[in-house]
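K.L.:
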Amino acid sequence: MSDASRPACRRALGISLPGLVLAAALGGASPPRPAGAESLPLTLPGALLLALERSPELRVERLTAEAQATLAEEARAAFDPSVSASVSHGESRQPTSARQSALEVPGAGVRRGRDDQAAVELVQPLPTGTELTVGADSARNRTNFSPEEYGSRLALGVTQPLLRGLRPEANLAGVRRAENQEIAGQYAFHAAVEGFVAGIEGAYWDLAFARRALEVRRQSLDASRRLLADTETLVAAGRRPTVELAAARAEVAAREESLEDARGALEAARLDLVRRLGPGRDLPWGAQLEPVDEPEPPAAPGDPAPWVQHALLRRPDLMQARLELANGELDVVETRDGLLPRLDFFASYARSGRDTSLGGTWSQVTEKNYDDWRVGLTWQHTLGRRAEGARARRAEFSRQRAQAAVENLALVIQAQVRRAAVDLDRLRRKVELAGVTARARAEETEGERARFDAGRATASDVLQAESRQREAELNWHRARSDARQAETEFLRVQGRLTEARGIHLF
456 MSDASRPACR
466 RALGISLPGL
476 VLAAALGGAS
486 PPRPAGAESL
496 PLTLPGALLL
506 ALERSPELRV
516 ERLTAEAQAT
526 LAEEARAAFD
536 PSVSASVSHG
546 ESRQPTSARQ
556 SALEVPGAGV
566 RRGRDDQAAV
576 ELVQPLPTGT
586 ELTVGADSAR
596 NRTNFSPEEY
606 GSRLALGVTQ
616 PLLRGLRPEA
626 NLAGVRRAEN
636 QEIAGQYAFH
646 AAVEGFVAGI
656 EGAYWDLAFA
666 RRALEVRRQS
676 LDASRRLLAD
686 TETLVAAGRR
696 PTVELAAARA
706 EVAAREESLE
716 DARGALEAAR
726 LDLVRRLGPG
736 RDLPWGAQLE
746 PVDEPEPPAA
756 PGDPAPWVQH
766 ALLRRPDLMQ
776 ARLELANGEL
786 DVVETRDGLL
796 PRLDFFASYA
806 RSGRDTSLGG
816 TWSQVTEKNY
826 DDWRVGLTWQ
836 HTLGRRAEGA
846 RARRAEFSRQ
856 RAQAAVENLA
866 LVIQAQVRRA
876 AVDLDRLRRK
886 VELAGVTARA
896 RAEETEGERA
906 RFDAGRATAS
916 DVLQAESRQR
926 EAELNWHRAR
936 SDARQAETEF
946 LRVQGRLTEA
956 RGIHLF
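With the sequence shown counted from 1, adding 455 to any position gets you our numbering.
1) Using the C-alpha atoms, what's the distance from residue 858 back to residue 1038?
2) If you count every other CB in all the chains shown that lies within 10 Å of the CB of residue 706, and 16 or more means buried, which is it?
3) Exposed or buried, what is residue 932 when buried is set at 16 or more other beta-carbons lying within 10 Å of its beta-carbon?
4) By a C-beta neighbour count over all protein chains shown, 10 Å radius and 16 as the cutoff for buried, is residue 839 buried or exposed?
5) Quick one: grab the DSSP three-state call for residue 480.
6) Are at least three pairs of beta-carbons, each pair with one atom in the stretch 634 to 643 and one in the stretch 919 to 938, less than 8 Å apart?
7) Just to check my reading of the structure: residue 943 and residue 521 have Cβ atoms closer than 8 Å, yes? What is that Cβ distance to the nearest angstrom?
8) Could you check what DSSP says for residue 498 in three-state terms: helix, strand or coil?
9) Which residues share a DSSP beta bridge with residue 572?
10) When you compare only the Cα positions, how much space is there between residue 957 and residue 677?
11) Which same chain residues end up closer than 7 Å to residue 526 when comparing Cβ atoms and leaving out the 5 residues on each side of it in sequence?
12) In three-state terms, what does DSSP make of residue 462?
13) I'd like the ranges of any alpha helix (DSSP H) spanning at least 4 consecutive residues and lying wholly in the stretch 758 to 841.
14) Beta-carbon separation of residue 582 and residue 617 under 7 Å?
15) For residue 605, list the residues DSSP reports as bridge partners.
16) Going by DSSP, name the residue or residues bridged to residue 744.
17) Distance check for residue 894 and residue 679, CA to CA, integer angstroms please.
18) Specify, as a first and last residue, the run of the alpha helix (DSSP H) that residue 700 falls within.
19) Is the distance from the Cβ of residue 882 to the Cβ of residue 937 below 7 Å?
20) Tell me whether residue 790 is buried or exposed, calling it buried when 16 or more other Cβ atoms sit within 10 Å of its Cβ.
21) Kindly list the residues whose CB is nearer than 7 Å to the CB of residue 939, restricted to its own chain and excluding five residues on each side of it in sequence; keep chain order.
22) Could you tell me which residues DSSP pairs with residue 636 in its beta bridges?
23) On the three-state DSSP scale, how would you describe residue 688?
24) With a CB to CB cut of under 7 Å and the five nearest residues on each side skipped, what residues in its chain are close to residue 820?
25) Check each candidate in 578, 890, 568, 612 and name the one with the smallest Cα separation from residue 594.
26) Per DSSP, what kind of secondary structure is residue 617 in: helix, strand or coil?
27) Taking DSSP's pairing of strands, which residues face residue 643 in a bridge?
28) Helix, strand or coil for residue 922? Go by DSSP, reduced to three states.
29) If you follow the alpha helix (DSSP H) that residue 519 is in, where does it begin and where does it stop?
30) Does the count of Cβ pairs from the stretch 758 to 765 and the stretch 857 to 875 closer than 8 Å reach three?
31) Straight-line CA distance for residue 673 to residue 664?
32) For residue 509 versus residue 733, is the C-beta distance shorter than 7 Å?
33) Whole angstroms are fine: how far does the CA of residue 884 sit from the CA of residue 491?
34) If you draw a straight line from the alpha carbon of residue 781 to that of residue 772, how long is it in whole angstroms?
35) Quick check on residue 548: does DSSP put it in helix, strand or coil?
Set out below in structure tokens:
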């Protein structure tokens, strides 16, 4: 990833939903009501709004990405200037020689000394590997053999690598790597939001289907009970054999069992959606959510080729993989630089002063020409370079692996988009066919009922036809829900689900 494109990739971690408003979210109703309310109408945009605002799952993902964003700032600190300072006081007692006693303080057998020192140094590292230093220090010395004396020194220094550490791209590898990790965290957050939105939509349509399924099962049970009552009347009148009562009663029991299963499935779907929305005091676990949006058939996906290209440019997981590859290339640059021997040029210049007062020493530093300087080279090389060579080879292998991962993921994404397009088109057509089948089964049931009323069909014939009709209706509702979820998946594998839903990440 080039430096020119890097700033455009950075963005704060937040979500805005300009296309979604709370009034629309709740279908024009008031905000979530406490437990005890009969139902809570909820649109799909409303479910998305509530979930994005409340879900702890997204807070976890956002905090993870925000923590990742601190890595770049930490890495850039490697080139911040540093200041160090020290202050010290020392005392000493040493034996004196006969010569010292005779020349300095006759008869003194102990040399007592005190010294005070203070120093400050500023170090500035640069991306070129250069290290600049500025330092100043002062000292005061006192002994019982000599008067109090002050010394001061002002020093400048520079160290410049000539081989290892000379290239800025190697010295900045850690910073670039951290910046890539920061951007990768943002893409990970984008992927998490896409998956989260897909989960909300799936749970919404699952709940909508579960409610339709319960309604169909209830209608099926009512129809079987009506037929049982009609059969009992006909058997009592001698127009039907008694054996038909057993079949009608067994069918009622079976449909009562199916109704209980439908109730359980509805409760499971309701709890799943409540969990995803983030339950709380204003949205308790017992909230009776009522999806009001109908799963209208989606549009045909058309030629998948443009969407494949879009996915290759926008899929957040692919962008993360490319950033991993970029980091691998930085590792190669850094480890190759480590194969070079260390050859550093250094230069230093200092001015010093010594006097009986501290001010006098600094006057000499600034006014006199008491200076010293030094230039030179330092060389260091590890014989064999086994560790450095192993690191360089490992970095190259990692880069090649990252390259292969990018290529493989690109192929996987292309297959996912094309397969999602096929599934969407298939399920879109299935909705139409399932609708035709449901209508035909309803006509079949009406025909069997007419034959039953005319005495030419048994109760079992009517129940079988009516059962086929209800299953066809369930298949139609399931196909509608599956088609909408297939549309969601088609958008998600392209990396544009949030964009399509009016959710902007910034």
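The beta carbon of each residue, even a glycine, is placed where N, CA and C say it ideally should be.
P.N.:
Once the coordinates are examined:
1) Absent from the model: residue 1038. The displayed extent of the chain is 456 to 961, so no value can be given.
2) Walking along the sequence shown from the start, residue 706 turns up at place 251. By the 10 Å Cβ count, residue 706 comes out buried.
3) If you number the sequence shown from 1, residue 932 lands on position 477. Residue 932 is classed as buried because its beta carbon has at least 16 other beta carbons within 10 Å across all chains shown.
4) Within the sequence shown, numbered from 1, the residue matching residue 839 stands at position 384. Exposed is the call here.
5) Here residue 480 corresponds to residue number 25 of the sequence shown, with the count starting at 1. Residue confidence is low: residue 480 scores 39 on pLDDT, short of 50, so the model does not pin down where it sits. Its coordinate-derived value is still stated next. Helix, per DSSP.
6) In short, these stretches do not touch, since the Cβ pair count stays below three.
7) Working through the sequence shown from its first residue, we reach residue 943 at position 488. Working through the sequence shown from its first residue, we reach residue 521 at position 66. Between residue 521 and residue 943 the Cβ distance is about 27 Å, and since that is not below 8 Å, they are no contact.
8) Here residue 498 is taken as the residue at index 43 of the sequence shown, counted from 1. Residue 498 falls in the coil class under three-state DSSP.
9) Position 117 of the sequence shown holds residue 572. 543, 594.
10) By 1-based counting over the sequence shown, the position of residue 957 is 502. By 1-based counting over the sequence shown, the position of residue 677 is 222. Residue 957 and residue 677: Cα-Cα distance of roughly 43 Å.
11) Stepping through the sequence shown from its first residue, residue 526 is reached at position 71. Excluding the 5 residues flanking it on each side, residue 526 has same chain C-beta neighbours closer than 7 Å at 633, 636, 637, in chain order.
12) Translated into positions along the sequence shown, residue 462 becomes position 7. With a pLDDT of only 35 at residue 462, under 50, the local geometry of the prediction cannot be trusted, and the value read off the model is given with reservation. Residue state, collapsed to three classes: helix.
13) Runs found: 760 to 769, 771 to 793, 813 to 822.
14) For the purposes of this step, residue 582 is taken as the residue at position 127 of the sequence shown. For the purposes of this step, residue 617 is taken as the residue at position 162 of the sequence shown. Cβ atoms of residue 582 and residue 617: not closer than 7 Å.
15) As a first step, residue 605 is located in the sequence shown; it is residue number 150 there, counting from the start. Residue 605 has 595, 810 as its beta-bridge partners, per DSSP.
16) As a first step, residue 744 must be located in the sequence shown, where it is residue number 289. DSSP output for residue 744 lists 495 as bridge partner(s).
17) Along the sequence shown, one-based indexing puts residue 679 at 224. Along the sequence shown, one-based indexing puts residue 894 at 439. Within the model, the alpha-carbon separation for residue 679 versus residue 894 is close to 19 Å.
18) Along the sequence shown, one-based indexing puts residue 700 at 245. Per DSSP, the unbroken alpha helix (DSSP H) holding residue 700 starts and ends at 698 to 732.
19) Walking along the sequence shown from the start, residue 882 turns up at place 427. Walking along the sequence shown from the start, residue 937 turns up at place 482. Judged by beta-carbon spacing, residue 937 lies within the 7 Å limit of residue 882, meaning their Cβ atoms are closer than that value.
20) Taking the sequence shown and counting its residues from 1, one reaches residue 790 at position 335. Around the CB of residue 790, 16 or more other CB atoms lie within 10 Å, so the residue is classed as buried.
21) The residue given as residue 939 occupies position 484 in the sequence shown. Cβ within range, chain order: 660, 750, 753.
22) Sequence index remark: in the sequence shown, residue 636 carries index 181 (1-based). None; residue 636 has no bridge partner.
23) Residue numbering aside, residue 688 sits at position 233 when the sequence shown is read from its first letter. The answer is helix: DSSP assigns residue 688 an H, G or I state.
24) In the sequence shown, counting from the first residue as 1, residue 820 sits at position 365. Within the same chain, Cβ atoms closer than 7 Å to the Cβ of residue 820 are found at 607, 609, 806, 807, 808, the five residues on either side in sequence being excluded.
25) Here residue 594 corresponds to residue number 139 of the sequence shown, with the count starting at 1. When 578, 890, 568, 612 are compared, the shortest CA-CA separation from residue 594 is found for 568.
26) Taking the sequence shown and counting its residues from 1, one reaches residue 617 at position 162. Reduced to three states, the DSSP call for residue 617 is coil.
27) On the sequence shown, position 188 is the one that residue 643 refers to. Answer is none; residue 643 lacks a bridge partner.
28) For the purposes of this step, residue 922 is taken as residue 467 along the sequence shown, with counting starting at 1. Helix.
29) Taking the sequence shown and counting its residues from 1, one reaches residue 519 at position 64. First-last of the alpha helix (DSSP H) with residue 519: 511 to 523.
30) Segments in contact, yes.
31) One-based indexing of the sequence shown puts residue 673 at position 218. One-based indexing of the sequence shown puts residue 664 at position 209. Rounded to whole angstroms, the gap between the alpha carbons of residue 673 and residue 664 is 14 Å.
32) By one-based count along the sequence shown, residue 509 stands at place 54. By one-based count along the sequence shown, residue 733 stands at place 278. Yes. Within cutoff.
33) Reading the sequence shown from its first residue, position 36 is the one you call residue 491. Reading the sequence shown from its first residue, position 429 is the one you call residue 884. Caution is warranted here: a pLDDT of 45 is assigned to residue 491, below 50, making its placement in the model unreliable, and no coordinate value can be reported.
34) Start at 1 with the first residue of the sequence shown, and residue 781 comes out as number 326. Start at 1 with the first residue of the sequence shown, and residue 772 comes out as number 317. Whole-angstrom Cα-Cα distance: 14 Å.
35) Working through the sequence shown from its first residue, we reach residue 548 at position 93. In the three-state reduction of the DSSP assignment, residue 548 falls in the strand class.
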